[in-house]
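Add 162 to the 1-based position in the sequence shown for the numbering used here, that's all there is to it.
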Amino acid sequence: MLDQRLLPTEETWYAFTDYREIAEAIRSMVVRGAPAIGVAAAFGVALAAKELALEPKAHFETGLTVACAELAATRPTAVNLFWALKRMQRHAVAVGTNASPTEITARLLEEAQAIATEDEALNMAMGRHGQTLLPEKGTVLTHCNAGALATAGYGTALGVIRAAVAAGKNIAVVADETRPFLQGARLTAWELQRDNIPVTLICDNMAGYMLQQGRIDAIIVGADRVAANGDAANKIGTYSLAVLAKAHNVPFYIAAPISTIDYSIPDGSKIPIEERDPTEVTHCGGRRIAPLGVDVYNPSFDVTPAALITAIITECGVAHGDYGRSLGAFR
Ligand code: MRU
């Protein structure tokens, strides 16, 4: 696993052998981004199974349930984490009641690998569908990091941008720095530079001015959980961008795989919003930037109402309008 906390100044890789290390890596944001934490959790289950493979079946099953609960308790908002854990648990059962822990372990590793391979393929499909929405020439604003780092490869929102560039479109990107964790400055700018896609970094509070000047043609972001009616949770600051996009008549797109859609919740009010450590706000680059003892509120995500979303791009196609119906058709 590449330590995303250290990018872009350091490229440090870890090899984990224990699911508890994976849980800690998700919690501490060594790995982040909704699809990526789903993939990481799936490999966590495979590692837990390996640890338990020589145990009697009943112990194996209980141990796996404990590991899944530990992995599920790491971060609350991105539904891909829970989607991946459920898929792994269902797979363990589907191997068959007579299967031994060793057989189930082998199949769980294959399933984790399948989740990773599928994720990259469906990001590319999302790119093919989504790139048709972008102009032949223009500037696209994005927030946070919805790129290769946030997925198993290629990215959701950045995947759409990559596909547009691959289709010969002349696209420049404006990346919001994304306070407090700086995913835009540290990760999106790094990814796009490596791909030679023109990128301009701005502080989050500069987006409104650029939209007012007519310098942004579209906004595209990823999502951590989309409710059945299309309300979408994504990195804090996304909602403000959607309001700005509406005010300036600029299309606002969400790119997210079906695994990010939580059909079990009717609307965004039911999405749990993670609150993170106050030091993310009081400190920057390891240095304190606020007075000692100041009260801090640090929600990590916000919810953009469906009415502000021009379209939701998925691997199954582009959903518009009544999302209950259009996303429902992809179920
Ligand atoms: O806190 P993070 O960095 O995990 O939040 C990530 C985001 O909000 C992304 O925009 C989202 O997961 C989509 S990633 C393809």
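In this text, a Cβ means the ideal position worked out from N, Cα and C, and glycines have one as well.
For the stretch 442-492, which segments carrying the beta strand (DSSP E) assignment without a break, of at least 3 residues, lie completely within its bounds, in sequence order?
List check, beta strand (DSSP E) in window: 463-466, 473-476 and 479-481.
Local conformation of Asn-285 per DSSP, three classes
helix
Of the residues Gly-315, Ala-314, Ala-229 and Asp-357, the one placed nearest Val-335, counting alpha carbons only:
Asp-357
Whose C-alpha, out of Ile-474, Ala-469 and His-445, is nearest the C-alpha of Asn-460?
His-445
What is the DSSP secondary structure of Ile-433, reduced to helix, strand or coil?
In the three-state scheme derived from DSSP, where H, G and I count as helix and E and B as strand, Ile-433 is classed as coil.
For Ala-234 and Leu-247, which I take to be in contact (beta-carbon distance under 8 angstroms), what is that distance rounded to the nearest angstrom?
Contact between Ala-234 and Leu-247 is confirmed by a C-beta separation of about 6 angstroms, below the 8 angstroms threshold.
Given 8 angstroms, three or more beta-carbon pairs between the stretch 310-330 and the stretch 177-196:
yes
What are the boundary residues of the alpha helix (DSSP H) that Gly-399 is part of?
Premise fails: Gly-399 is in no alpha helix (DSSP H) and is neither H nor E.
For Ala-229, which residues from the same chain have a beta carbon less than 6 angstroms from its beta carbon, with the 5 sequence-adjacent residues on both sides left out?
Tyr-181 and Ala-210
Could you tell me whether any non-hydrogen atom of ligand 1 is closer than 7 angstroms to the CB of Gln-293?
no
With DSSP as the reference, please indicate the residues paired to Ala-385 in a beta bridge.
In DSSP, Ala-385 forms no bridge with anything.
Among Gly-399, Ala-256 and Ala-351, the one whose alpha carbon lies nearest that of Pro-170:
Ala-351
In angstroms, rounded to a whole number, what distance separates the CA positions of Asn-236 and Ala-369?
A small fix is needed here, since residue 236 is Thr in this sequence, not Asn. Cα to Cα, the separation comes out at about 32 angstroms.
Range covered by the beta strand (DSSP E) that runs through Phe-414
414-417
Go through its chain and collect everything with a Cβ distance to Ala-468's Cβ below 7 angstroms, but skip five positions before and after it.
Asn-391, Gly-392, Asp-393 and Tyr-485
In chain order, each alpha helix (DSSP H) run of at least 4 residues that lies wholly inside the stretch 257-329
263-293 and 319-328
So what's Ala-351 in DSSP terms, helix, strand or just coil?
helix
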